[in-house]
Amino acid sequence: MVPYLGQGANQALADCHELANVLGQVVDRRKTLVEAIEHFTRVRKPHVTQMQKLSRRAGYVFKSDFDGNKERKNREIKALLKEVAAVQGRKV
């Protein structure tokens with residue numbers, strides 16, 4: 150995870166939460182370890198992939214000066230933040 154959205158620790162905590170849930174199902178014999186890991190991957194990978202893409206994009210937007218066009222940069226940042234909020238299930 151590149152650092153531009155500050156999501157490293159957030160994603161790690163979400164991973165821990167989901168992993169604890171599925172490992173609890175292994176302990177309770179509701180899932181095998183293989184099933185639990187497959188479930189964890191299926192649940193977490195789409196969200197993490199989206200956040201990685203947005204973080205890479207944020208790096209580009211934050212570093213670029215858009216040839217001095219401040220209005221364009223502001224539009225790009227606003228659009229990026231709306232997408233991040235949508236992925237996180239929030240409204241902006």
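Going by the numbering used here, the first residue of the sequence shown is number 150, and it counts up by one from there. Ideal placement from N, C-alpha and C gives every residue a C-beta, glycine not left out. Owing to the predicted nature of the structure, the values given are computational and were not obtained by experimental measurement.
Checklist entry - For the region 223 to 236 against the region 179 to 190, are there 3 or more C-beta pairs whose distance is under 8 angstroms? => result no
Next on the checklist: One question on the structure: do residue 153 and residue 213 come within less than 8 angstroms of each other, judged by their Cβ atoms?
Outcome noted: As a position in the sequence shown, residue 153 is number 4, starting the count at 1. As a position in the sequence shown, residue 213 is number 64, starting the count at 1. No. Outside cutoff.
Next on the checklist: Does residue 200 come out as helix, strand or coil in the three-state DSSP assignment?
Outcome noted: The sequence position of residue 200 within the sequence shown is 51, counting from 1. Helix, per DSSP.
Next on the checklist: Taking 8 angstroms as the threshold (C-beta atoms), are residue 150 and residue 201 in contact?
Outcome noted: Locating residue 201 in the sequence shown gives position 52, counting from the first residue. Locating residue 150 in the sequence shown gives position 1, counting from the first residue. Taking 8 angstroms as the Cβ cut-off, residue 201 and residue 150 qualify as a contacting pair.
Checklist entry - Can you list, in chain order, the residues of its chain whose CB lies under 8 angstroms from that of residue 183, leaving out five sequence neighbours each side? => result If you number the sequence shown from 1, residue 183 lands on position 34. Correct list: empty, nothing qualifies.
Next on the checklist: According to DSSP, is residue 94 part of a helix, a strand, or is it coil?
Outcome noted: This structure cannot settle anything about residue 94, because the visible part of the chain is limited to 150 through 241.
Next on the checklist: Please classify residue 210 as buried or exposed, where buried requires at least 16 neighbouring CB atoms within 10 angstroms.
Outcome noted: By 1-based counting over the sequence shown, the position of residue 210 is 61. Classification for residue 210: buried.
Next on the checklist: Taking the alpha helix (DSSP H) that residue 171 belongs to, which residues open and close that run?
Outcome noted: Here residue 171 corresponds to residue number 22 of the sequence shown, with the count starting at 1. That run of the alpha helix (DSSP H) goes 157 to 176.
Next on the checklist: Comparing C-alpha positions only, which one of 230, 240, 170, 229 sits nearest to residue 193?
Outcome noted: Numbered from its first residue, the sequence shown carries residue 193 at position 44. For the residues 230, 240, 170, 229, the minimum Cα distance to residue 193 belongs to 170.
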